[in-house]
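Following: one structure in structure tokens, then a few remarks.
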Amino acid sequence: MRGKAFVMTLVLGLVAACGGGDDGKGGGGKAAAGGDEGTPRVVIVPAHGSGGARPDQGVTVTAAGGTLGQVSVKLKGADVPGRLSPDKTTWRSRWTLQPGGRYQVSATATSPEGKSTTATSAFRTSRATAATRVNNVVPSENETVGTGMPVFVQFNKAVPERAKPAIERSVEISSTTPTEGAWRWLSSGESFNGLPSLVFRPKRPWKPRQKVSVTVHYAGLRIGDKVFGDRDVTRTFKVGDSHTVSINGKTHRLVAKQNGRTVRTWGVSLGSGGEVKNGVDTLLTTSGVHLTMDRSRMERMVSPGKKKGDPGWYDEKIPWATRITNSGVYIHQNTADPACLGRRNCSHGCIRSPTADAKWFFHWAYRGDIVNVTGTKRDLAWTNGWGYWQLPFSKWAKGSALGKPVTTTRA
Numbered sequence: 001m002r003g004k005a006f007v008m009t010l011v012l013g014l015v016a017a018c019g020g021g022d023d024g025k026g027g028g029g030k031a032a033a034g035g036d037e038g039t040p041r042v043v044i045v046p047a048h049g050s051g052g053a054r055p056d057q058g059v060t061v062t063a064a065g066g067t068l069g070q071v072s073v074k075l076k077g078a079d080v081p082g083r084l085s086p087d088k089t090t091w092r093s094r095w096t097l098q099p100g101g102r103y104q105v106s107a108t109a110t111s112p113e114g115k116s117t118t119a120t121s122a123f124r125t126s127r128a129t130a131a132t133r134v135n136n137v138v139p140s141e142n143e144t145v146g147t148g149m150p151v152f153v154q155f156n157k158a159v160p161e162r163a164k165p166a167i168e169r170s171v172e173i174s175s176t177t178p179t180e181g182a183w184r185w186l187s188s189g190e191s192f193n194g195l196p197s198l199v200f201r202p203k204r205p206w207k208p209r210q211k212v213s214v215t216v217h218y219a220g221l222r223i224g225d226k227v228f229g230d231r232d233v234t235r236t237f238k239v240g241d242s243h244t245v246s247i248n249g250k251t252h253r254l255v256a257k258q259n260g261r262t263v264r265t266w267g268v269s270l271g272s273g274g275e276v277k278n279g280v281d282t283l284l285t286t287s288g289v290h291l292t293m294d295r296s297r298m299e300r301m302v303s304p305g306k307k308k309g310d311p312g313w314y315d316e317k318i319p320w321a322t323r324i325t326n327s328g329v330y331i332h333q334n335t336a337d338p339a340c341l342g343r344r345n346c347s348h349g350c351i352r353s354p355t356a357d358a359k360w361f362f363h364w365a366y367r368g369d370i371v372n373v374t375g376t377k378r379d380l381a382w383t384n385g386w387g388y389w390q391l392p393f394s395k396w397a398k399g400s401a402l403g404k405p406v407t408t409t410r411a
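Note that UniProt numbering gives residue 188 to position 188 of the sequence shown, counting from 1, and the numbers run on in steps of one.
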């Protein structure tokens with residue numbers, strides 16, 4: 001047993017000795033083996049011993065005078081995914097590498113005459129990570145969402161323009177039912193919470209009752225000069241039943257449907273209007289395709305831009321509130337004149353509902369349910385909350401750094 005171990009160590013040592021050092025260009029150099037008469041040559045980049053290989057360049061293994069068989073690339077014992085070319089002479093890692101990661105590579109090539117060569121490389125990537133990081137991915141892990149739900153990749157600061165195409169290509173999104181959609185970059189001013197974002201919106205609502213998985217392969221992406229993305233982020237969530245809500249400001253009715261069947265309807269009261277600021281009547285409810293966003297058992301609502309004593313000032317705690325815009329439109333329990341419900345619009349812009357109905361809706365709705373409001377004279381801006389369905393899909397897709405739609409892979 002000791003003799004066999006000695007022979008194996010000697011062979012691996014000889015192969016590693018064939019590798020070159022760092023080539024000084026940041027790529028990590030090459031490790032090579034073979035090349036004798038009739039023996040295939042195997043080259044690995046980065047080379048054995050490299051201490052600061054560029055993670056954005058990944059791993060490449062090439063064979064000359066033969067074809068590659070087994071290629072093993074590992075990080076902390078886990079396999080690194082890669083792809084073999086159709087002619088089996090080149091293997092490339094599929095994604096960029098983890099900054100500061102220690103990698104082990106082993107590859108074997110065989111010639112047509114049956115002679116084989118094995119090469120190895122052990123190296124470490126650069127530790128330099130960018131200050132721009134993925135702050136969050138929405139929806140939350142294992143959350144059940146509505147069929148209109150967007151997917152948000154949010155960053156802690158503005159993303160350099162030159163990094164956007166690579167980031168967009170790095171996002172792997174799959175779903176039970178392949179779904180066409182498109183990514184769009186939003187500035188901090190366009191984002192619902194002030195975080196620069198990359199947002200996926202389906203061309204048509206998600207098919208209900210399916211699983212969606214999103215992985216941002218951010219680790220190792222070149223974000224700036226000699227700095228790289230710090231880590232990958234993955235989210236898996238579910239699309240629940242189809243929930244659609246129609247609200248008519250002229251008939252003062254709300255209709256809730258589940259999977260196409262009406263499950264509840266009630267009388268509502270929308271915004272009364274009459275207070276114009278910068279050409280916008282801020283007391284009118286917005287018309288358009290909204291999405292349910294967040295919700296609060298008891299939401300404090302304060303009149304914007306006013307102080308106590310001003311005409312129209314209010315500071316109230318409102319039960320069973322489900323938000324549908326950033327500008328403060330909620331579907332919530334009525335706490336004022338009940339005679340308005342189903343008869344006339346008398347709210348400050350929200351959608352007042354009877355107590356039992358507001359509570360039912362609070363518990364029934366998912367984030368991302370489609371709420372279509374009609375019959376008012378104020379349109380929903382696409383940047384108001386999650387008003388993304390207000391944009392035609394062709395226009396939405398133009399916000400992509402790659403300039404084209406994508407289709408999710410099958411989960």
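Built from N, CA and C at the ideal position, the CB exists for glycine as well.
Keep in mind that this is a model prediction, so the values were computed, not measured.
- DSSP links THR215 through a beta bridge to GLU172 and THR234.
- Taking each of PRO139, HIS243, GLU161 and THR335 in turn and checking the Cα distance to THR234, the smallest one comes out for PRO139.
- The straight-line gap separating the alpha-carbon atoms of VAL61 and ASP369 is approximately 48 Å.
- For ILE318 against ILE331, the beta-carbon gap comes to about 11 Å, at or over 8 Å, which does not count as contact.
- In this structure the segment 76-83 does not lie against the segment 152-172, because fewer than three pairs of beta carbons, one per stretch, are closer than 8 Å.
- Straight-line measurement puts the Cα of GLY100 at about 44 Å from the Cα of SER327.
- Around ALA109, the same chain offers PRO40, VAL42, ALA63, GLY66, LEU68 and THR117 as residues with beta carbons nearer than 6 Å, after the five sequence neighbours per side are excluded.
- Per DSSP, SER242 has no beta bridge partner at all.
- Within a 10 Å sphere around the beta-carbon of MET293 sit 16 or more other beta-carbons, which makes this residue buried.
- Of all alpha-carbon atoms in ALA107, LEU97 and LEU75, the one lying nearest the alpha-carbon of THR90 is that of ALA107.
- The segment 301-313 and the segment 263-272 do not touch, with fewer than 3 CB-CB distances between them shorter than 8 Å.
- Note that the segment 246-262 does not touch the segment 221-237; fewer than 3 beta-carbon pairs, one per stretch, sit closer than 8 Å.
- As a beta-bridge residue in DSSP terms, GLU299 pairs with ILE318.
- With fewer than 16 other beta carbons inside 10 angstroms of its own, THR407 counts as exposed.
- Residues SER106, ALA107 and THR108 of the same chain have their beta carbon placed closer than 8 Å to that of GLN70, with the five preceding and five following residues left out of the count.
- The segment 333-403 contains, as complete beta strand (DSSP E) runs of 3+ residues, the segments 351-353 and 370-374 (chain order).
- Non-local C-beta neighbours of THR374 in its own chain, meaning closer than 6 Å and more than five positions away in sequence, comprise ASN248 and SER287, ordered along the chain.
- According to the DSSP assignment, HIS290 belongs to the beta strand (DSSP E) that extends over 286-291.
- DSSP places PRO99 outside both helix and strand once states are collapsed to three, so it counts as coil.
- For ASP379, the closest C-alpha among the options ARG410, ASP281, SER353 and TYR366 is that of ASP281.
- Less than 8 Å separates the beta-carbon of PHE362 from that of ARG295.
- Residue range 41-45 is occupied by the beta strand (DSSP E) that includes ILE44.
- If you draw a 10 Å sphere on the C-beta of ALA321, you find 16 or more other C-beta atoms in it, and that means buried.
- PRO55 sits buried, since 16 or more C-beta atoms from the chains shown fall within 10 Å of its C-beta.
- Assigned with DSSP and collapsed to three states, GLU161 falls in helix.
- In terms of Cα proximity to THR120, the closest of GLU113, GLN104 and LYS277 is GLN104.
- Excluding its 5 nearest sequence neighbours in each direction, TRP386 has C-beta neighbours in its own chain below 7 Å: PRO150, PHE192, LEU291 and MET293, listed in chain order.
- Rounded to the nearest angstrom, the gap between the Cα atoms of VAL45 and GLU168 is 25 Å.
- Between THR144 and GLY260 a beta carbon distance of about 19 Å is seen, past the 8 Å cut, so the two are scored as non-contacting.
- Around the CB of ARG184, 16 or more other CB atoms lie within 10 Å, so the residue is classed as buried.
- As computed with DSSP, ILE331 is found in a beta bridge with THR322 and ILE351.
- Within 10 angstroms of the beta-carbon of THR96 lie 16 or more other beta-carbons, which makes it buried.
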